[in-house]
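Engineer: First residue of the sequence shown? That's 59 in this note's numbering, and the numbers climb one at a time after it.
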Amino acid sequence: LLAGPPGAGKSMLAKALPEIMPDLTPEEAVTVTKIHSVAGLLPKGSGLLKRRPFRAPHHTVTPAAMVGGGAIPKPGEITLAHRGVLFLDELPEFSAQVINVLRQPIEDGVINIARSGGTYRFPCRILLAAAMNLCQCGYWRSDWQHCQCTPYQRRQYVSKVNGPLLDRIDLFMPVQRVDIEDLARAGCEEAADSVKERVEEARKLQEKRLEEFGLATNSEMGPRELSTLLSISASGRRLLLDAYSRMKLSARAYYRVMRVAASIADLDQSSRIEEEHVAEALSYRQRILE
Ligand SMILES: [Zn+2]
């Protein structure tokens, strides 16, 4: 979840996500192509789709368009984003029904649609990305323009997204507008290609660890795999348990922090989750919305 004032480049960052994700595997490419074909979205004469999908439905999207529907159900936005990114810009503007129908499929990676003729089953393993302002006017905690909202209005605005969906988000990222001089000062940024290489190396570690259990990524690990397959240092474990009670994490949030810490360790090419990896994972849970 990217949160910050307008002009901070939130949607630009989200759109760049597929560029740093590993290429589709041949099996993934076949599934993604099939989905787009069923939905009638495959350009004529195109072969296998190679790019990871990026879907950004408008906040006026209906529940049926989001998860799929119709007399003969067609895949919805969440299935069209399978193995790619589903981006919800202006998250608080989405209807409560749409957010509600997303919850279970995000967790399960599949969506079942019941019809009189039987049940349709669509895959939807996605990376969910979302963006929002921190208040109605957009400038709360902005360092360049004054926020016009009252504390009550701010609470109202943020409370639209509080709750079960937030519990399913791993990374909370505050963003600020970047100065034009900083943008012009080249040389310190890492190119997308080199980030992608690091992501691919991290994915290889995950595959090696999870292959024999029929899993591919850290995000697919359940509580049992998390407690048996990951090696975590004593100080890392202490920090995690301490945060569990101090930050009043739910059990689900606790496991989410573990998965994120595992991915940070993988990006670090570390075979063990260290204290610093847990600390970084916890920093992304920091409740920027409070
Ligand atoms: Zn405001």
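The beta-carbon is built from N, C-alpha and C at its ideal position, and this holds for glycine as well.
Quick caveat, the model's predicted, so the values are computed rather than measured.
1. Let me make sure I understand the geometry here. Which of Arg109, Phe112, Thr91 and Ala114 has the alpha-carbon closest to that of glycine 103?
2. Got a sec: does ligand 1 put a non-hydrogen atom nearer than 8 Å to the Cβ of tryptophan 202?
3. Under a Cβ-count criterion, where at least 16 other Cβ atoms within 10 Å of its own Cβ denotes burial, should serine 341 be classed as buried or exposed?
4. Would you kindly work out how many angstroms separate the C-alpha atoms of valine 125 and arginine 113, rounded to a whole number?
5. Using the beta carbon as the reference atom, which residues fall closer than 5 Å to any heavy atom of ligand 1, ordered along the chain?
6. Would you call the CB atoms of leucine 138 and alanine 188 closer than 9 Å?
7. Indicate whether valine 143 and methionine 231 have their beta-carbon atoms separated by less than 9 Å.
8. Would DSSP call lysine 73 helix, strand or coil?
9. Should tryptophan 202 be labelled buried (16 or more other beta-carbon atoms within 10 Å of its own) or exposed?
10. Return the CA-CA distance between proline 181 and isoleucine 136, expressed in angstroms with no decimal places.
11. Please report the distance separating the alpha-carbon of alanine 66 from that of arginine 213.
12. What residue range does the alpha helix (DSSP H) around proline 209 cover?
13. Look up phenylalanine 271 in the DSSP assignment and say whether it is helix, strand or coil.
14. Pick out whichever of Tyr210, Leu186, Ile184 and Leu185 has its Cα sitting closest to the Cα of glutamine 194.
15. Are the beta-carbon atoms belonging to leucine 18 and alanine 260 less than 9 Å from one another?
16. In the DSSP assignment, the beta strand (DSSP E) including threonine 177 goes from what residue to what residue?
17. I'd like the list of long-range same chain contacts for alanine 97, defined as Cβ closer than 7 Å, with 5 residues on each side in sequence excluded.
18. According to DSSP, is proline 133 helix, strand or coil?
19. Nearest to serine 277 by alpha carbon, out of Val159, Ala154, Arg314 and Leu59?
20. Below 8 Å on the Cβ atoms is my contact criterion, and I expect isoleucine 171 with glycine 127 to pass it. Report the Cβ-Cβ distance as a whole number of Å.
Structural biologist: Taking the definition as stated:
1. Stepping through the sequence shown from its first residue, residue 103 is reached at position 45. Considering only alpha carbons, the answer is Thr91.
2. Position 144 of the sequence shown, counted from the start, is the residue given in the question as residue 202. No, ligand 1 has no heavy atom inside 8 Å of this Cβ.
3. If you number the sequence shown from 1, residue 341 lands on position 283. Taking every protein chain shown into account, the CB of serine 341 has fewer than 16 other CB atoms within 10 angstroms, so this residue is exposed.
4. As a working mapping, residue 125 is identified with position 67 in the sequence shown. As a working mapping, residue 113 is identified with position 55 in the sequence shown. Each residue's Cα considered, the two are about 13 Å apart.
5. With 5 Å as the limit, the residues whose C-beta approaches any heavy atom of ligand 1 more closely are Cys193, Cys195, Trp198, Cys205 and Cys207, in sequence along the chain.
6. Residue 138 sits at position 80 when you count from the first residue of the sequence shown. Residue 188 sits at position 130 when you count from the first residue of the sequence shown. Contact flag unset, no.
7. On the sequence shown, residue 143 is found 85 positions in, with the first residue counted as 1. On the sequence shown, residue 231 is found 173 positions in, with the first residue counted as 1. Taking 9 Å as the Cβ cut-off, valine 143 and methionine 231 do not qualify as a contacting pair.
8. As a first step, residue 73 is located in the sequence shown; it is residue number 15 there, counting from the start. Looking at lysine 73 - three-state DSSP - the assignment turns out to be helix.
9. Taking the first residue of the sequence shown as 1, we reach residue 202 at position 144. With fewer than 16 neighbouring CB atoms inside 10 Å of its own CB, tryptophan 202 falls in the exposed class.
10. For this step, residue 181 is matched to residue 123 along the sequence shown. For this step, residue 136 is matched to residue 78 along the sequence shown. Each residue's alpha carbon lies about 9 Å from the other.
11. To locate residue 66, count along the sequence shown from 1; it is residue 8. To locate residue 213, count along the sequence shown from 1; it is residue 155. Cα-Cα distance, rounded: 22 Å.
12. Sequence index remark: in the sequence shown, residue 209 carries index 151 (1-based). In the DSSP annotation of this structure, the continuous segment of the alpha helix (DSSP H) that includes proline 209 starts and ends at 209-217.
13. For this step, residue 271 is matched to residue 213 along the sequence shown. In the three-state reduction of the DSSP assignment, phenylalanine 271 falls in the helix class, which pools H, G and I.
14. Working through the sequence shown from its first residue, we reach residue 194 at position 136. For the residues Tyr210, Leu186, Ile184 and Leu185, the minimum Cα distance to glutamine 194 belongs to Tyr210.
15. Given that the chain is displayed from residue 59 to residue 348, the structure contains no residue 18 and the question cannot be resolved.
16. Counting from one through the sequence shown, the residue named residue 177 turns up at place 119. Going by DSSP, threonine 177 is part of the beta strand (DSSP E) stretching over 176-181.
17. Numbered from 1 along the sequence shown, position 39 holds the residue referred to as residue 97. Scanning its chain for C-beta atoms nearer than 7 Å, with the 5 sequence neighbours on each side dropped, one finds around alanine 97 the residues Lys132, Pro133 and Leu138, in chain order.
18. Residue 133 sits at position 75 when you count from the first residue of the sequence shown. It is a strand residue.
19. To locate residue 277, count along the sequence shown from 1; it is residue 219. When only C-alpha atoms are compared, the closest one is Arg314.
20. Walking along the sequence shown from the start, residue 171 turns up at place 113. Walking along the sequence shown from the start, residue 127 turns up at place 69. By a beta-carbon distance limit of 8 Å, isoleucine 171 contacts glycine 127. Their separation comes to about 7 Å.
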